[in-house]
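Colleague: Structure below; questions to follow.
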Amino acid sequence: MENDACIVNFKYLNVVSKFLLSGASCVLVVSNIDLRTNTPVIKPSVFLKSSVRDFILNINNDYRYMKTGYYVSLHAEILGDDVVPTTENAIDAYRLPILLVRASKNGAPIMPYLVTDSVKQIMAEFGFPVVVFAVNPFSFNGFQTAKNRTALYRVVKSLSMNYRYAVCAQPLRGEMVACKSFFGQCNIEDANVIEIAGKVYETFNIPICKLHIQRVSGKAYLCGLQPLKMEEISPSEVDLISKMASRFSEKGGFD
Numbered sequence: 124m125e126n127d128a129c130i131v132n133f134k135y136l137n138v139v140s141k142f143l144l145s146g147a148s149c150v151l152v153v154s155n156i157d158l159r160t161n162t163p164v165i166k167p168s169v170f171l172k173s174s175v176r177d178f179i180l181n182i183n184n185d186y187r188y189m190k191t192g193y194y195v196s197l198h199a200e201i202l203g204d205d206v207v208p209t210t211e212n213a214i215d216a217y218r219l220p221i222l223l224v225r226a227s228k229n230g231a232p233i234m235p236y237l238v239t240d241s242v243k244q245i246m247a248e249f250g251f252p253v254v255v256f257a258v259n260p261f262s263f264n265g266f267q268t269a270k271n272r273t274a275l276y277r278v279v280k281s282l283s284m285n286y287r288y289a290v291c292a293q294p295l296r297g298e299m300v301a302c303k304s305f306f307g308q309c310n311i312e313d314a315n316v317i318e319i320a321g322k323v324y325e326t327f328n329i330p331i332c333k334l335h336i337q338r339v340s341g342k343a344y345l346c347g348l349q350p351l352k353m354e355e356i357s358p359s360e361v362d363l364i365s366k367m368a369s370r371f372s373e374k375g376g377f378d
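Following my numbering, the numbering of the sequence shown begins with 124 at its first residue and continues without gaps.
Written out as structure tokens, the structure is:
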């Protein structure tokens, strides 16, 4: 197995060498997503051991702090490379209050929200029902809803890790939908949702993520963002990611 790993690593390093010698303007760094593209691709494990000096497009299903996707961007920045996404954007996108502030400044509609560990404050501000997101950096969960006081206490205790962290509460006035976003393109045929996905990508340049959006009376509001699990990415979506990555690499970015 170790010999096989060495062969694979050599193959990817050889690709990098040829790519750099060709004068290409972008190195495509991928997680375990097997892209169908002619654009040179290397694995994060190879890139993290390298000293590649070029523009880095970091494609990963999870850019959270201390995850591989984050470390790829960090390594690129240490080398002095330009990288998408930056570590600052990766960290900010997964910090819900910062996500909402920055996205709203760029024109994405958001619901009123409250960052607190107080159930009483949430009830006084919004009443019921409410949707509650974790703010702690260790949670993978999207959100939970509460329709009464008992449920809210249970939700806040769970998402705050027994009140060690605050939560982000928002009023629940419509339906929650999950949107898979790939370079700002989403899988839901709703103009308002599509616009939000585009605004979030413009703001943070996160190539792959899941957006939580609330639809109310024909309007859509950004509520949260989280990583996509690998099993949530379908073969057709891998094709889409591959095409977008090729386009990005050819143009050095999107128009």
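C-beta: ideal position from N, C-alpha, C; glycine also.
Only a predicted model underlies this, so the values are computations on that prediction, with no experimental measurement involved.
#1: So which of F305, M299, A247, D313 has the shortest CA-CA distance to F327?
#2: Taking the beta carbon of A314 as the centre, do at least 16 other beta carbons fall within 10 Å, making it buried, or is it exposed?
#3: With burial defined as no fewer than 16 other Cβ atoms inside 10 Å of the residue's Cβ, what is the status of K303: buried or exposed?
#4: If contacts are defined as beta-carbon pairs under 8 Å, then V255 and V300 qualify, I think. What distance do you get, rounded to the angstrom?
#5: Between V383 and S369, what straight-line distance do the alpha-carbon atoms span, to the nearest angstrom?
#6: Along the alpha helix (DSSP H) that carries K322, what are the first and last residues, could you check?
#7: Beta-carbon within less than 8 Å of P208's beta-carbon, same chain only, minus the 5 sequence neighbours each way: which residues are those?
#8: Sorted by chain position, which residues of the same chain lie with C-beta nearer than 8 Å to T239's C-beta, five sequence neighbours on each side aside?
#9: Pop quiz: T268 and L237 are said to be a contact at Cβ under 8 Å. What is the actual Cβ separation, rounded to whole angstroms?
#10: How should I221 be labelled, buried or exposed, when 16 other C-beta atoms within 10 angstroms of its C-beta is the threshold for buried?
#11: Does the Cβ-Cβ distance between A231 and K322 come in under 7 Å?
#12: Among residues of its own chain, excluding the 5 on either side of V242, which ones have a beta-carbon nearer than 7 Å to its beta-carbon?
#13: Terminal residues of the continuous beta strand (DSSP E) containing V195?
#14: Could you give the DSSP three-state label for M299: helix, strand or coil?
#15: Count the other C-beta atoms from every protein chain shown that fall within 10 angstroms of the C-beta of N184, then say buried if there are 16 or more, exposed otherwise.
#16: DSSP state of G250, grouped into three classes?
#17: Distance, Cα to Cα, Q337 vs I179?
Modeller: Once the coordinates are examined:
#1: As a working note, residue 327 is residue 204 in the sequence shown. With distances taken between Cα atoms, F327 lies closest to F305.
#2: For the purposes of this step, residue 314 is identified with residue 191 of the sequence shown, where counting begins at 1. It counts as exposed.
#3: Mapped onto the sequence shown, residue 303 falls at position 180. So K303 counts as buried.
#4: Reading the sequence shown from its first residue, position 132 is the one you call residue 255. Reading the sequence shown from its first residue, position 177 is the one you call residue 300. Contact doesn't hold; Cβ gap of about 17 Å is too wide.
#5: Because the chain is modelled from 124 through 378, residue 383 falls outside the range shown and cannot be assessed.
#6: On the sequence shown, position 199 is the one that residue 322 refers to. That run of the alpha helix (DSSP H) goes 314-327.
#7: Taking the sequence shown and counting its residues from 1, the one referred to as residue 208 is at position 85. N181, Y186, S196, A216, F327, N328, I329, P330, listed in sequence order.
#8: Residue 239 sits at position 116 when you count from the first residue of the sequence shown. Around T239: I245, A289, V290, A292.
#9: On the sequence shown, position 145 is the one that residue 268 refers to. On the sequence shown, position 114 is the one that residue 237 refers to. About 15 Å separates the two Cβ atoms, so there is no contact after all.
#10: In the sequence shown, the residue the question calls residue 221 occupies position 98. Exposed is the call here.
#11: For this step, residue 231 is matched to residue 108 along the sequence shown. For this step, residue 322 is matched to residue 199 along the sequence shown. In contact: A231 and K322 (Cβ atoms closer than 7 Å).
#12: Counted from its first residue, the sequence shown places residue 242 at position 119. Result list for V242: L275, Y276, V279, in chain order.
#13: Taking the first residue of the sequence shown as position 1, residue 195 is located at position 72. Per DSSP, V195 belongs to no beta strand (DSSP E); it is in the alpha helix (DSSP H), 191-202.
#14: Against the sequence shown, residue 299 aligns to sequence position 176. Reduced to three states, the DSSP call for M299 is strand.
#15: Numbered from its first residue, the sequence shown carries residue 184 at position 61. Classification for N184: buried.
#16: Mapped onto the sequence shown, residue 250 falls at position 127. Three-state DSSP puts G250 in coil, outside helix and strand.
#17: Stepping through the sequence shown from its first residue, residue 337 is reached at position 214. Stepping through the sequence shown from its first residue, residue 179 is reached at position 56. The alpha-carbon atoms of Q337 and I179 are separated by roughly 33 Å.
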